[in-house]
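The next block holds one structure in the form of structure tokens; read it before the comments.
Residue numbers (our numbering): 21 to 629.
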């Protein structure tokens with residue numbers, strides 16, 4: 021029997037609801053801005069939409085132009101969302117009224133959280149069948165599928181099969197044949213359900229908290245794109261910043277990109293599928309002209325989503341309004357004392373093509389190719405010099421253009437994302453030193469092989485890189501660059517004056533034996549331990565050599581002291597002293613007589629004058 025209850029008679033309880041379970045706390049910690057932006061793109065105005073499973077409230081906010089029904093299994097979640105939508109059905113897919121159809125069905129949390137455990141279990145395929153039947157002819161399904169062999173599994177320090185938490189009701193690996201394990205199996209399941217698979221987006225850094233959505237076909241095809249390189253590195257570095265992992269997820273993601281497996285190793289996929297329309301004349305969904313190449317979360321929750329679209333003249337930036345739908349750019353910096361981000365400057369700007377400068381430098385360093393390193397660094401330094409004004413200072417986006425935000429194509433350098441801007445112009449040498457210092461810190465702490473002496477510290481290597489770039493940087497300039505880096509980072513984190521002082525001290529104390537910044541990976545920690553062991557071995561050898569030198573000097577002094585004592589007690593020494601004593605006394609007497617004579621003559625000389 022169907023029962024309606026408060027608030028405002030919006031919650032429908034057909035049976036099978038879970039009264040003491042909630043999925044929303046986990047969803048609230050996972051910002052759904054990128055998913056919400058994609059959902060808003062595929063939902064036309066006035067469409068009937070079914071949100072199947074728990075979703076971040078940001079998704080509901082972006083679908084205010086549609087008629088939304090939420091299908092949940094948790095009664096507390098239904099109460100929480102009832103104030104945001106016109107209708108909530110609690111109880112799983114079996115609670116949907118027979119014959120009710122929707123224009124768009126969105127399962128952004130996957131199919132497992134849609135099914136209630138209080139009734140008959142349908143399984144992944146059974147839930148997909150229910151949702152496919154709920155689609156109107158020509159309707160669209162947006163489905164999230166987790167990848168059991170994704171990057172998050174490869175770097176996770178805790179194996180998936182060891183989970184004991186309450187949410188581990190379903191097998192998360194490849195053992196359950198009911199769950200598709202790759203994109204080919206996903207397409208096959210959708211086809212079996214009577215749907216036409218369309219576009220697919222790779223979700224990073226995790227399927228449940230995707231801050232980046234990248235078109236899977238473009239990701240597999242554009243393996244050397246500096247844009248994908250930078251986006252994957254930044255997303256995985258930030259997404260796993262507080263985690264303990266087996267290896268660096270950012271490095272693994274970039275390697276997967278270059279190997280053509282960026283989409284295959286994605287933690288999850290967002291797949292679009294379409295039900296056959298009543299007429300085959302309807303246009304196919306998910307064509308490149310309809311969907312963006314990438315959707316990137318520009319900042320903290322509530323900020324804009326930055327998109328990259330493919331057009332006749334290549335990729336271009338554009339932004340979409342965040343949860344407030346005002347279109348106002350939200351800078352992720354807590355203050356604008358040193359730097360800020362303005363996504364609005366990206367609108368209509370082309371995405372420069374080319375490879376990321378950081379990747380090219382790492383490749384040349386690993387191959388000990390000094391000629392390539394010199395050419396790249398001199399090109400970078402000359403490009404920065406061209407951005408400087410008459411006063412020798414660089415302003416705007418170029419002032420923050422480090423090796424991780426510059427792409428190189430046919431010898432031309434360009435800022436990849438010009439929305440990052442400096443508040444005040446910076447001296448050209450400081451900008452160059454900051455970019456080189458960041459690269460030197462990543463190279464040394466990351467454990468990369470390089471052609472320089474292992475005894476160089478970060479500041480020393482920065483000076484060496486400056487020499488390769490044709491600039492005579494000194495440690496004072498490097499120190500000023502570290503100050504600038506601390507100011508930018510402090511603005512990003514919202515640190516006060518004391519926090520900035522601490523940050524400057526931390527940056528200046530970075531040593532080659534330290535692990536890299538970001539996630540604490542066992543592989544990187546082991547490499548740092550090996551570097552520390554080598555340094556301790558070198559210091560121990562130096563200490564032993566110093567001890568040996570001191571011991572030899574001490575023995576020589578003892579021998580000299582013994583010789584002096586031996587000579588001072590001999591007969592010849594005593595005779596020599598007896599012979600020298602009268603001479604010394606005579607010398608002293610002569611000096612005294614001369615002094616008395618001068619004193620006696622002094623008054624006579626004064627009278628004569």
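We treat Cβ as the ideally placed atom computed from N, Cα and C, and that holds for glycine.
Asked                                                                                                                  : Found
Proximity of residue 234 and residue 314 at Cβ, strictly below 8 Å                                                     : yes
Secondary structure, beta strand (DSSP E): runs of 3+ residues fully inside the region 402-442                         : 413-416, 426-429, 432-435
Start-end ranges of the alpha helix (DSSP H) lying completely within the region 507-544, minimum 4 residues            : 517-528
Member of 612, 528, 465, 209 whose CA lies at the smallest distance from the CA of residue 495                         : 528
Under the three-state DSSP convention, the category residue 36 falls into                                              : coil
Rounded separation between residue 86 and residue 285 - CA only                                                        : 34 Å
Distance between residue 337 and residue 446 (C-alpha atoms, nearest Å)                                                : 26 Å
6 Å CB neighbourhood of residue 49 in its chain, flanking five on each side removed                                    : In this prediction, residue 49 has a pLDDT of 47, which is less than 50 and means its spatial position is unreliable; what the coordinates show is noted afterwards. Counting only Cβ-Cβ distances below 6 Å, and skipping sequence neighbours, we find nothing.
Meets three-Cβ-pair contact criterion under 8 Å: the region 392-412 and the region 525-544                             : no
CB-CB length for residue 71 against residue 88, believed under 8 Å                                                     : 6 Å
Close Cβ partners of residue 163 (< 6 Å) along its chain, the five nearest in sequence each way excluded               : 127, 291
Residue 440 and residue 501 closer than 8 Å at C-beta                                                                  : no
Cβ-based burial, residue 585 [other Cβ within 10 Å; buried from 16]                                                    : exposed
Pick from 372, 411, 562 that is closest to residue 334, judged by C-alpha positions                                    : 372
Own chain, CB closer than 8 Å to residue 357, minus 5 neighbours either side, in chain order                           : 443, 507, 510, 511
Candidates 505, 460, 470, of which the one nearest residue 483 by Cα                                                   : 460
Selection from 113, 78, 423 that minimises the alpha carbon distance to residue 148                                    : 113
Buried versus exposed call for residue 612 [16 or more other C-beta atoms within 10 Å across all chains shown]         : exposed
Assigned exposure category for residue 277 - 16 Cβ within 10 Å defines buried                                          : buried
Simplified DSSP state of residue 17, which is helix, strand or coil                                                    : The chain is shown from 21 up to 629; residue 17 falls before or after that span and cannot be answered.
8 Å contact criterion, which residue 108 and residue 159 should meet: CB distance rounded                              : Not quite, the Cβ-Cβ distance comes to about 21 Å (not below 8 Å), so this is no contact.
Under 8 Å between C-beta atoms of residue 479 and residue 498                                                          : yes
Simplified DSSP assignment, three categories, for residue 503                                                          : helix
Residue 346 to residue 472 span [Cα, whole Å]                                                                          : Here residue 346 scores only 36 on pLDDT, less than 50, and its place in the model should not be relied on; the value that follows carries that caveat. The straight-line gap from Cα to Cα measures roughly 52 Å.
Buried or exposed (CB count within 10 angstroms, at least 16 for buried), residue 224                                  : buried
Three-pair Cβ contact test at 8 Å for the region 371-387 versus the region 423-439                                     : yes
With 16 other Cβ atoms within 10 Å as the buried cut-off, status of residue 268                                        : buried
Three-way DSSP call (helix, strand, coil) for residue 62 in this model                                                 : helix
CB contact flag (residue 165, residue 137, <8 Å)                                                                       : no
First through last residue of the alpha helix (DSSP H) which encompasses residue 9                                     : Residue 9 is absent from the model: the chain starts at 21 and stops at 629.
For residue 203, the nearest candidate out of 430, 42, 56, 169 (CA to CA)                                              : 169
Distance, residue 152 Cα to residue 143 Cα                                                                             : 14 Å
Candidates 328, 116, 505, of which the one nearest residue 437 by Cα                                                   : 328
Close-in-space but distant-in-sequence residues of the same chain around residue 92 (CB under 6 Å, 5 per side omitted) : 98, 110
Nearest-angstrom Cβ-Cβ length linking residue 450 and residue 57, presumed shorter than 8 Å                            : With a Cβ gap of about 37 Å, residue 450 and residue 57 do not count as contacting.
Span of the beta strand (DSSP E) around residue 166                                                                    : 155-166
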